[in-house]
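Peer 1: Could you have a look at this structure, given as structure tokens, before my questions?
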Amino acid sequence: MAYADSETTESDSDNPPVFYTVHNAKSDSGQPEEHVHGLDDYIQMGKYVLLVCLAAELLILPQVSSMFYMMYAGAAPRVVSCDNTVFDPLLEGKEICFEIDKIGNCSHPKFKYQFKSVNVEYNYFCDTSKQVKNSISVQMFGVLAGSIVFGQVSDSFGRKVAVQIASFGMIVGWLLVCQSRNLFHFTVTRTITGFFTGGSVSVINVFIMENIPKKHRMWINMAITWSPNMPIYAWFAWLAQDWKTLAYINAAVCIPAIIFFQFFIYESPRWLVNKGKISEAVQVLQRQLKMSNHEDLIEEDFEDNLRLEHAKTMQKNTRNIKFSYNHLFVTPRLALTTIVLAYS
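Here it is in structure tokens:
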């Protein structure tokens with residue numbers, strides 16, 4: 005078993021941890037000592053896990069609000085009339101667009117819609133509505149970029165900090181969206197919002213996994229997800245009735261997560277241990293265990309066990325092992341887990 009010297013486990017680039025081997029120790033009676041607790045043994049179901057689940061929900065709702073915003077804000081309206089031409093109400097949308105093409109010019113269209121989208125606001129209909137769809141494609145690049153950047157941010161500065169930055173950035177992005185004066189400005193501001201949305205998406209999954217007991221991770225990850233939030237967001241859209249009001253609602257939805265994380269959520273113990281911040285990890289885990297009525301796990305060797313966990317992590321990081329997507333299917337159980345997650 006690898007272990008690091010207690011004086012060198014704290015993060016220090018000039019003095020990296022020194023590893024040595026610890027054999028299975030035996031007591032005076034010659035019997036092996038009790039099993040040493042790993043970090044996962046200290047993550048127990050209780051009140052704090054419920055707070056983590058609530059925090060996850062407060063993050064997922066803004067994510068849904070951002071990712072499905074264009075389903076409403078980019079909805080194509082029905083053209084009722086064009087200049088002096090009134091179209092038959094029995095005609096389908098494509099047939100009306102065909103009639104408009106024959107007219108050649110439609111400078112003053114009249115729309116019928118259930119939700120006032122940017123298409124209505126900026127007169128994008130029929131062939132020109134494709135520009136709105138192109139805008140959606142550009143916005144998705146922001147999501148992808150945010151996922152990449154915030155993966156590094158969360159690894160460097162912590163999950164909690166990354167989540168709060170992403171949520172605050174989404175608020176600013178939504179307020180900028182509300183000030184858009186044309187489709188170009190709208191696309192730029194939505195891309196900015198998408199960047200922070202992608203950051204939030206990339207961090208939340210890691211945050212949940214690191215703060216929930218191993219045996220409960222699957223069902224909790226399946227229960228607290230985007231799907232149950234879709235009816236809630238549809239209700240928001242029904243209340244808003246137009247793209248600008250919905251953007252303001254989306255900004256407001258981000259605020260509870262920032263407040264909740266600030267006052268009720270601690271930094272991930274896993275991240276603290278990996279970074280060698282053992283003292284902070286001890287304090288965080290002690291608070292979590294007390295809150296969840298598992299104080300019996302706080303033993304004399306509590307801090308030593310975390311140092312051992314850090315040493316094991318450092319040893320793993322020094323191994324030159326390359327992984328590929330094939331490793332997601334190396335065992336039947338892992339393959340099943342991968343397929344279920346991908347399908348959901």
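With the numbering used here, the residue at position 340 of the sequence shown is 344, and numbering never jumps.
For each residue, glycine too, the CB sits at the ideal point set by N, CA and C.
As the structure is a prediction and not an experimental result, all values here were calculated from the model.
Going straight from the alpha carbon of Ser171 to that of Pro93, what length do you get?
Peer 2: Their backbone Cα atoms lie some 44 Å apart in a straight line.
Peer 1: Counting only the same chain and skipping the five closest in sequence on each side, list residues whose C-beta sits under 6 Å from that of Ile47.
Peer 2: Around Ile47: Pro217.
Peer 1: Quick check on this structure: which residue in Leu179, Gly198, Ala255 and Gln287 has the alpha carbon closest to the alpha carbon of Ser139?
Peer 2: Measuring from the Cα of Ser139, the nearest candidate turns out to be Gly198.
Peer 1: Following a CB-centred definition, is Arg311 positioned closer than 7 Å to any heavy atom of the ligand ATP?
Peer 2: Only the bare structure without any ligand can be found here, which leaves the ligand ATP out of the picture.
Peer 1: Using the rule of at least 16 other Cβ atoms within 10 Å of the residue's Cβ for burial, across every protein chain shown, is Glu99 buried or exposed?
Peer 2: The residue is exposed, with fewer than 16 neighbouring Cβ atoms inside 10 Å.
Peer 1: Considering Cα atoms alone, identify which of Asn88, Thr342, Leu340 and Arg274 is closest to Asn309.
Peer 2: Out of Asn88, Thr342, Leu340 and Arg274, Arg274 has the C-alpha closest to the C-alpha of Asn309.
Peer 1: Taking the beta strand (DSSP E) that Lys114 falls in, what are its first and last residues?
Peer 2: Looking at the DSSP string, the run of the beta strand (DSSP E) that includes Lys114 is Pro113 to Lys116.
Peer 1: Could you pull the start and end residues of the beta strand (DSSP E) that Val83 belongs to?
Peer 2: Arg82 to Cys86 is the span of the beta strand (DSSP E), which, as asked, contains Val83.
Peer 1: Mind checking which residues open and close the alpha helix (DSSP H) that includes Tyr347?
Peer 2: Run containing Tyr347: Pro336 to Tyr347, per the alpha helix (DSSP H) assignment.
Peer 1: Looking at C-beta atoms only, is the number of pairs between the region 163-182 and the region 120-138 that lie closer than 8 Å three or more?
Peer 2: The region 163-182 vs the region 120-138: no contact.
Peer 1: I'd like the ranges of any alpha helix (DSSP H) spanning at least 4 consecutive residues and lying wholly in the region 250-301.
Peer 2: If we require 4 residues or more, the alpha helix (DSSP H) runs fully inside the region 250-301 come out as 273-278 and 282-295.
Peer 1: Using the three-state DSSP reduction, which class does Lys137 fall into: helix, strand or coil?
Peer 2: Correct three-state label for Lys137: helix.
Peer 1: Since Asp4 sits in a beta bridge, which residues does DSSP pair it with?
Peer 2: With the chain covering only 5 through 348, there is no way to say anything about residue 4.
Peer 1: DSSP state of Val210, grouped into three classes?
Peer 2: Correct three-state label for Val210: helix.
Peer 1: Report all residues from its chain with a CB closer than 6 Å to the CB of Asp18; omit the five preceding and five following residues, and keep chain order.
Peer 2: Caution is warranted here: a pLDDT of 44 is assigned to Asp18, below 50, making its placement in the model unreliable, and no coordinate value can be reported.
Peer 1: Does the beta carbon of Ala77 sit closer than 8 Å to a beta carbon anywhere in chain C?
Peer 2: Although the question refers to chain C, the structure presented lacks it and comprises just one protein chain.
Peer 1: Using alpha carbons as the reference points, say which of Phe145, Thr191, Leu293 and Lys114 lies closest to Ala77.
Peer 2: Out of Phe145, Thr191, Leu293 and Lys114, Thr191 has the C-alpha closest to the C-alpha of Ala77.
Peer 1: What residue range does the alpha helix (DSSP H) around Asn123 cover?
Peer 2: Counting along the chain, the alpha helix (DSSP H) containing Asn123 begins and ends at Val122 to Glu125.
Peer 1: Provide the residue(s) that pair with Thr89 in DSSP beta bridges, ordered along the chain.
Peer 2: DSSP, once it has assigned bridges, lists Cys86 as partnering Thr89.
Peer 1: Report buried or exposed for Val207, applying the criterion of at least 16 other Cβ atoms within 10 angstroms of its Cβ.
Peer 2: So Val207 counts as buried.
Peer 1: Does the Cβ of Phe142 have 16 or more other Cβ atoms within 10 Å, making it buried, or fewer, making it exposed?
Peer 2: Residue identity differs from the one stated: residue 142 is Val in this sequence, not Phe. The residue is exposed, with fewer than 16 neighbouring Cβ atoms inside 10 Å.
Peer 1: Please report how far the alpha carbon of Lys51 lies from the alpha carbon of Leu65, in whole angstroms.
Peer 2: Their Cα atoms are separated by approximately 22 Å.
Peer 1: At the level of alpha carbons, what is the spacing between His298 and Asn215?
Peer 2: Looking at the two C-alpha atoms, the distance is approximately 15 Å.
Peer 1: My parser needs the alpha helix (DSSP H) runs of 4 or more residues fully inside the region 146-201; what are they?
Peer 2: Entirely contained in the region 146-201, the alpha helix (DSSP H) runs reaching 4 residues are, in chain order, 163-182.
Peer 1: Express the C-alpha separation of Glu313 and Glu284 in angstroms, rounding to a whole number.
Peer 2: Looking at the two C-alpha atoms, the distance is approximately 14 Å.
Peer 1: Restricting to Cα atoms, I'd like to know which of Leu276, Ser296 and Gln245 is closest to Arg311.
Peer 2: Looking at the Cα atoms, Leu276 is the closest of the given residues.
Peer 1: With Phe240 as the anchor, note down where its alpha helix (DSSP H) starts and where it stops.
Peer 2: It spans Met234 to Ala244 - the alpha helix (DSSP H) in which Phe240 sits, taken as one unbroken run.
Peer 1: For the alpha helix (DSSP H) containing Lys51, list its first residue and its last residue.
Peer 2: That run of the alpha helix (DSSP H) goes Lys51 to Met71.
Peer 1: Is it buried or exposed for Val83, if we count other Cβ within 10 angstroms and need 16 for buried?
Peer 2: Classification of Val83: buried, given that the 10 Å Cβ count is 16 or more.
Peer 1: Please check the pair Val167 and Leu63, which I expect to be a contact at CB under 8 Å, by giving their CB distance rounded to whole angstroms.
Peer 2: Confirmed, Cβ separation roughly 7 Å.
Peer 1: Hey, out of Phe72, Lys219 and Phe333, whose CA is closest to Met144's CA?
Peer 2: Met144 has its Cα closest to that of Phe72, out of Phe72, Lys219 and Phe333.
Peer 1: Leaving out five residues on either side along the sequence, give the residues of the same chain with a beta carbon under 7 Å from the beta carbon of Ser231.
Peer 2: Closer than 7 Å at Cβ, skipping near neighbours: no residue.
Peer 1: Throw me the rounded Cβ distance for the Thr317 and Asn254 pair, which I believe falls under 8 Å.
Peer 2: Actually they do not touch by this definition, with Cβ atoms about 38 Å apart.
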